[in-house]
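Residues are numbered in the working numbering as their position in the sequence shown, beginning at 1, plus a constant of 1272. For every residue, glycine included, the Cβ atom is placed at its ideal position computed from N, Cα and C. Heads up, the thing below is written out as structure tokens.
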Amino acid sequence: MVNTKFLTRLKQNYRDNESQRRQINSASNNILFEAKKTIFALQRDDLKVAKIKLADMEKNLKDLEKRFGAERLRREGPYRAAAEEYLEGKTFYLTITNKEITAVTGLTLDYEAYLGGLCDLIGEMVRYATNRAAAGKFNEIAKIKKTADDIMSQLVDFDLTGYLRTKYDQARGHLRKLEQMTYEIKLRGKK
1273 MVNTKFLTRL
1283 KQNYRDNESQ
1293 RRQINSASNN
1303 ILFEAKKTIF
1313 ALQRDDLKVA
1323 KIKLADMEKN
1333 LKDLEKRFGA
1343 ERLRREGPYR
1353 AAAEEYLEGK
1363 TFYLTITNKE
1373 ITAVTGLTLD
1383 YEAYLGGLCD
1393 LIGEMVRYAT
1403 NRAAAGKFNE
1413 IAKIKKTADD
1423 IMSQLVDFDL
1433 TGYLRTKYDQ
1443 ARGHLRKLEQ
1453 MTYEIKLRGK
1463 K
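Shown next, in the form of structure tokens:
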């Protein structure tokens, strides 16, 4: 014997959850796309566009949090990816504008998003340093490397595992590229 009222409630819960999932994933994909465009703008030194995009993403993330709650959002992979990419863009912006990297106020973002974003930031710093070197701005490379060193010296204490360990290992490889770049610049006597 089957309790049809139970199954009816179950079906409605499933439908409600699927509707929420589609809404969250659609909005998250838009945020992810905007985060990538923000990072691209920062690589081109377009701080004005990046600042506007960051504000828009923060507004959209807050709206999602208000509508669905932080716990519900964390169950969706596209949201987690968007939050991480947003944080990568945000920390990259803070780095370029010489501001302190700290927690984002007004949003409930978990440690995985922050740590993933910080690890990915190191890769963006390599690309940024490469662009600076190509433009002949060699004096900026040491500062970029110092910031990457500071971040990595903190991350080493986390003893990361799983997905975050992979991200950390990639960041460590990117730091080596910055070290090599700094070494070659010094060898060539560029300032």
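Under DSSP, the alpha helix (DSSP H) around residue i begins and ends at which residues?
i: isoleucine 1373; result: Run containing isoleucine 1373: none; DSSP gives neither H nor E here.
i: glycine 1434; result: 1434–1459
i: phenylalanine 1340; result: 1319–1340
i: glycine 1227; result: Because residue 1227 is not part of the residues shown, which for the chain are 1273 to 1463, the question remains open.
Let me know the secondary structure DSSP gives residue i once reduced to three states.
i: lysine 1409; result: coil
i: methionine 1273; result: coil
i: glycine 1395; result: helix
i: glycine 1389; result: helix
i: leucine 1381; result: coil
i: aspartate 1421; result: helix
i: arginine 1344; result: helix
i: aspartate 1431; result: coil
i: arginine 1287; result: helix
i: arginine 1404; result: helix
i: arginine 1294; result: helix
Would you call residue i buried or exposed, if buried means 16 or more other Cβ atoms sit within 10 Å of its Cβ?
i: lysine 1320; result: exposed
i: valine 1428; result: exposed
i: lysine 1417; result: buried
i: leucine 1459; result: exposed
i: glycine 1349; result: exposed
i: methionine 1453; result: buried
i: tyrosine 1400; result: buried
i: lysine 1334; result: exposed
i: threonine 1438; result: exposed
i: glutamate 1290; result: exposed
i: aspartate 1441; result: exposed
i: serine 1425; result: exposed
i: glycine 1395; result: buried
i: glutamate 1456; result: exposed
i: glutamate 1357; result: buried
i: alanine 1406; result: exposed
i: methionine 1397; result: buried
i: tyrosine 1351; result: buried
Per the contact definition of three or more C-beta pairs closer than 8 Å, is the region 1331–1350 in contact with the region 1362–1374? no
Assess, as a yes-or-no matter, whether the region 1378–1385 is touched by the region 1328–1336 under the definition of 3 or more beta carbon pairs within less than 8 Å. yes
Any contact of the region 1428–1447 with the region 1384–1395, i.e. 3+ C-beta pairs under 8 Å? yes
Is it the case that the region 1275–1286 contacts the region 1349–1363, given that we only count it when at least three CB pairs across the two stretches are under 8 Å? no
Would you check if the region 1288–1298 and the region 1306–1324 touch, i.e. whether three or more CB-CB distances between them fall below 8 Å? no
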